[in-house]
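In the working numbering, the protein residues as written are 4 to 120.
Here's the structure we're looking at; comments come further down.
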């Protein structure tokens, strides 16, 4: 069985700018699930990908509203496949805090679930 692990990020308060999270993959891994939510009814969107193609894993998608997370899995990922991420890849999670100049997200939470390998 492959080891499963999660990364979670929380930004309290009402966002006034985009949030860009970057980390280096510590091993070969696959993104198997992602979720994002704001505590309010916002217009925020999320993309996920490597630094060379920042929407290469998940193209622009709406963040969940009113504390109900939007969930993304194989059917939502690019090419309807679990993205394989090579050890050393810089992964970028970008949240556009207000989408196309709509309502800014508040109390943003993003959770990513990976398997090793």
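Heads up, the beta-carbon is just placed ideally off N, CA and C, and yes, glycines get one too.
Please read all numbers here as calculations on a predicted model, not as lab measurements.
Assigned exposure category for residue i - 16 Cβ within 10 Å defines buried
i, result
"residue 30", "exposed"
Straight-line Cα distance separating residue j from residue i
i, j, result
"residue 84", "residue 34", "9 Å"
"residue 68", "residue 56", "26 Å"
"residue 108", "residue 89", "31 Å"
"residue 54", "residue 98", "14 Å"
"residue 103", "residue 46", "7 Å"
Residue i, DSSP secondary structure in three states
i, result
"residue 114", "strand"
"residue 66", "coil"
"residue 71", "coil"
Selected residue, minimal CA-CA separation from residue i, among the options
i, options, result
"residue 70", "60, 105 and 111", "111"
"residue 24", "73, 50 and 79", "50"
Residue j beta carbon less than 7 Å from that of residue i
i, j, result
"residue 60", "residue 81", "yes"
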